[in-house]
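Data block below; observations after.
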Amino acid sequence: MIWRSGLLALVVFIGSIGAVLAHALPGSVLLLRQQGSALQLTIQFPLDDLIVAAPELSALEAVAAGQPWSQELTTALARYLERHLLVTEEAVNRPG
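Take any residue in the sequence shown, count from 1 to its spot, add 137: that is its number in the numbering used here.
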């Protein structure tokens, strides 16, 4: 999801969570909210900062708001997040 303001929001639903560790970009906002037995994690950060950190994601600038992403972009973002986000459950690392 890309907003014209240049923010990227990603929502991850995680149940029975122990901890979330993230390496933050400048201007990042991490919001945690309980939704029943799950925990909702919303990550927002400026698109420009993401592209500086991960130039392989520069194609995100060309995606219009509300338009679907290519599988290639989705995979590249997932790879970036796997390197910078760690989720643990009962002291067991889970893929981010």
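C-beta: ideal position from N, C-alpha, C; glycine also. Quick caveat: nothing in here was measured; it's all calculated off a predicted structure.
Under a Cβ-count criterion, where at least 16 other Cβ atoms within 10 Å of its own Cβ denotes burial, should residue i be classed as buried or exposed?
{"i": "PRO224", "result": "Reading off the sequence, residue 224 comes out as Val, not Pro. So VAL224 counts as buried."}
{"i": "LEU168", "result": "exposed"}
Can you tell me whether DSSP reads residue i as helix, strand or coil?
{"i": "SER195", "result": "helix"}
{"i": "ALA190", "result": "helix"}
{"i": "GLN208", "result": "helix"}
{"i": "ALA202", "result": "coil"}
{"i": "LEU214", "result": "helix"}
{"i": "GLU219", "result": "helix"}
Hey, how far is the Cα of residue i from the Cα of residue j?
{"i": "LEU210", "j": "SER174", "result": "31 Å"}
{"i": "TRP206", "j": "VAL200", "result": "7 Å"}
{"i": "VAL189", "j": "PRO163", "result": "11 Å"}
{"i": "PRO183", "j": "GLU198", "result": "11 Å"}
{"i": "GLN177", "j": "ASP185", "result": "25 Å"}
Would residue i count as contacting chain B if we go by Cβ distances under 7 Å?
{"i": "GLY173", "result": "The chain inventory of the structure shown lacks chain B, comprising one protein chain alone."}
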